[in-house]
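> Just passing along the structure, written as structure tokens.
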Amino acid sequence: MTQKEKLAAKIKNNPRNVSFDDLHKFLEMNGATWWEGGRKSHRVYNLNGQSLSIPRDKPVKAVYVKMAIELVEGKGE
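Residue numbers are given in our numbering: position 56 of the sequence shown equals residue 69, and the series is strictly consecutive.
The following block contains the structure:
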């Protein structure tokens, strides 16, 4: 099992306890590009022509983790 697969499994199995750094690594490993918002309280990720804004809270709320998983799996709206 690769590092990418281990991180994906960790995030998918427990979306309520994911650090911002782990979610950032997960999105970057899957090809997402990013930029920070104006006050740097959020980071905006772009993948497959879709964007997702994630607040830099620790831990990240489960709803944002689930949205990131959907974005990576290509199920985002």
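We put the beta carbon where it would ideally sit given N, CA and C, even for glycine.
1. How many Å lie between residue 72 and residue 33 at the Cα?
2. DSSP three-state label for residue 26, please.
3. For residue 77, which residues does DSSP report across the bridge?
4. Pick out whichever of 28, 54, 63 has its Cα sitting closest to the Cα of residue 46.
5. Considering just the uninterrupted stretch of the beta strand (DSSP E) at residue 32, what are its terminal residues?
6. Identify every residue that forms a DSSP beta bridge with residue 16.
7. When you compare each of 20, 82, 49, 41 to residue 68 by their alpha carbons, which one comes out closest?
Taking the coordinates as given:
1. To locate residue 72, count along the sequence shown from 1; it is residue 59. To locate residue 33, count along the sequence shown from 1; it is residue 20. Computed Cα separation, rounded: 6 angstroms.
2. Taking the sequence shown and counting its residues from 1, one reaches residue 26 at position 13. In this structure, residue 26 counts as helix in the three-state DSSP scheme.
3. Position 64 of the sequence shown, counted from the start, is the residue given in the question as residue 77. According to DSSP, residue 77 bridges with nothing at all.
4. Counted from its first residue, the sequence shown places residue 46 at position 33. With distances taken between Cα atoms, residue 46 lies closest to 63.
5. Taking the first residue of the sequence shown as position 1, residue 32 is located at position 19. Run containing residue 32: none; DSSP gives neither H nor E here.
6. Stepping through the sequence shown from its first residue, residue 16 is reached at position 3. In DSSP, residue 16 forms no bridge with anything.
7. Position 55 of the sequence shown, counted from the start, is the residue given in the question as residue 68. Out of 20, 82, 49, 41, 49 has the C-alpha closest to the C-alpha of residue 68.
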